[in-house]
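Undergrad:
Structure (structure tokens):
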């Protein structure tokens, strides 16, 4: 059992032939992975409780991160390029556990924005919609 | 166009897993060896050169990535800081030679 540090986590994006680390990420999150269900309640269902069943599908969810944005950095350009030219991209999230574990997912669309504040560095927010499922260890 | 990889911490994209240069580690992860040369698309190849992951390896790549040597030293230092997980706030210290690696006070597992 271990508490895994976030410092040192590497998020890699596919550029052409390689997966290379994305620079200057501050925080990241994965959300929205969800098994899909349907309301299976019928008029002869016994008791008051509604019932649900699995459809057999699952939503892959999203992967989001915030980074100090460098518009001149090639790795960041590779992300914004998806806005003009949408395409799938394979990503790796490599955590700092002893293995270390590599979680793999494919993004099908990219959300991108950047923010500035007087007392902070220029930051960008990236939201990746996962197609299929992330591989979990 | 062809590029030559100048880092050994690059994994292999799905389209290249059958390349004979690819190395598989004990965990089954696929890596490009330092110095691997490969044919790539122009856009991706240019990004990899500009990102400090690769260098042009043929005349076509030199043409696509012209001026790639401008500011190269600073770029490679930045790329190395990324690989070593140097915090943005610590970058000047790293450039000044005051730190070699990130997280010298590491206390990983509990």
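Chains as they are written, first to last, in our numbering: chain A, 1476 to 1612; chain B, 545 to 654. Cβ atoms here follow ideal geometry from the backbone N, Cα and C, with glycine treated the same way. Being a predicted model, the structure only gives us computed values, none of them experimental.
Rounded C-beta distance between residue 1541/A and residue 1600/A? I'm assuming under 8 Å.
TA: Along the first chain, one-based indexing puts residue 1541/A at 66. Along the first chain, one-based indexing puts residue 1600/A at 125. Indeed, because the Cβ distance is near 5 Å, the residues count as touching under 8 Å.
Undergrad: Can you list, in chain order, the residues of its chain whose CB lies under 7 Å from that of residue 605/B, leaving out five sequence neighbours each side?
TA: For the purposes of this step, residue 605/B is identified with residue 61 of the second chain, where counting begins at 1. Hits under 7 Å: 545, 546, 547, 589.
Undergrad: Between 1598/A, 1527/A, 1536/A, 1501/A, which has its C-alpha nearest residue 1545/A's C-alpha?
TA: Working through the first chain from its first residue, we reach residue 1545/A at position 70. When each option's Cα is compared against that of residue 1545/A, the closest is 1598/A.
Undergrad: Considering only the beta carbon of each residue, do residue 556/B and residue 574/B sit closer than 8 Å?
TA: By one-based count along the second chain, residue 556/B stands at place 12. By one-based count along the second chain, residue 574/B stands at place 30. Their beta carbons are under 8 Å apart, which means residue 556/B touches residue 574/B by this criterion.
Undergrad: In chain order, what residues of the same chain have a beta carbon less than 7 Å from the beta carbon of residue 1507/A, not counting five sequence neighbours either side?
TA: As a working mapping, residue 1507/A is identified with position 32 in the first chain. Hits under 7 Å: 1534, 1536, 1537.
Undergrad: Do the CB positions of residue 1552/A and residue 591/B come within less than 8 Å of each other?
TA: Within the first chain, the letter at position 77 stands for residue 1552/A. Within the second chain, the letter at position 47 stands for residue 591/B. Yes, they are a contact pair.
Undergrad: Measuring only between beta-carbons, confirm whether residue 1565/A sits less than 8 Å from chain B.
TA: Within the first chain, the letter at position 90 stands for residue 1565/A. Chain B, which has a Cβ nearer than 8 Å to the Cβ of residue 1565/A, makes this yes.
Undergrad: What are the residues of the segment 594 to 605 of chain B that lie near chain A, defined by any Cβ-Cβ distance shorter than 7 Å?
TA: Answer set for the segment 594 to 605 of chain B: 594, 595, 597.
Undergrad: What residues in its chain sit with their C-beta under 6 Å from that of residue 584/B, if we drop five residues either side in the sequence?
TA: Taking the first residue of the second chain as position 1, residue 584/B is located at position 40. Within the same chain, residue 584/B has close Cβ partners 547.
Undergrad: Quick check on residue 1558/A - is its C-beta less than 8 Å from some C-beta in chain B?
TA: For this step, residue 1558/A is matched to residue 83 along the first chain. Output row for residue 1558/A: interface = no.
Undergrad: Is there contact here, the segment 549 to 563 of chain B with the segment 1497 to 1505 of chain A, by at least three beta-carbon pairs under 8 Å?
TA: The segment 549 to 563 of chain B is not in contact with the segment 1497 to 1505 of chain A.
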